[in-house]
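Participant: Quick note: the sequence shown uses our numbering, first residue 1, plus one each step.
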Amino acid sequence: AGPSEIEDFSAAEPRGKVHLRAVATADGRTLAEHELKAAPVHDSLAAAEGRLYFSTVDGRVECWE
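(1) For Tyr86, collect the residues of the same chain with a Cβ closer than 6 Å to its Cβ; drop the 5 residues on either side in sequence, then sort them by chain order.
(2) With DSSP run on the structure shown, which of helix, strand or coil describes Val23?
(3) Pull up the distance between the alpha-carbon of Val41 and that of Arg29, whole angstroms please.
(4) If distances are taken between C-alpha atoms only, which option among Glu33, Glu65 and Ala24 comes closest to Gly50?
(5) If you follow the beta strand (DSSP E) that Glu49 is in, where does it begin and where does it stop?
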């Protein structure tokens with residue numbers, strides 16, 4: 001997850017679009033991709049019970065199922 005052009009992970013408005021992408025561990029193909037409103041804070045992703053949690057640089061906490 002993150003901006004397509006990474007210059008600063010903490011930038012509130014990164015250059016380019018910010019995406020969350022799920023990939024297959026077997027072959028690396030993209031399974032799903034979603035555009036985010038803001039970049040995740042570096043090292044903020046956590047997975048538990050089928051959900052992905054992360055905080056964003058604009059101060060939100062998101063939960064994706």
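Idealized CB from N, CA, C, for every residue including glycine.
Facilitator: With the given structure in hand:
(1) Given that the chain is displayed from residue 1 to residue 65, the structure contains no residue 86 and the question cannot be resolved.
(2) In the sequence shown, the residue the question calls residue 23 occupies position 23. Looking at Val23 - three-state DSSP - the assignment turns out to be strand.
(3) To locate residue 41, count along the sequence shown from 1; it is residue 41. To locate residue 29, count along the sequence shown from 1; it is residue 29. Linking Val41 to Arg29 through their CA atoms gives a straight-line distance of about 25 Å.
(4) Within the sequence shown, the letter at position 50 stands for residue 50. The option with the nearest alpha carbon to Gly50 is Glu65.
(5) Sequence index remark: in the sequence shown, residue 49 carries index 49 (1-based). First-last for Glu49: undefined, no H or E at that position.
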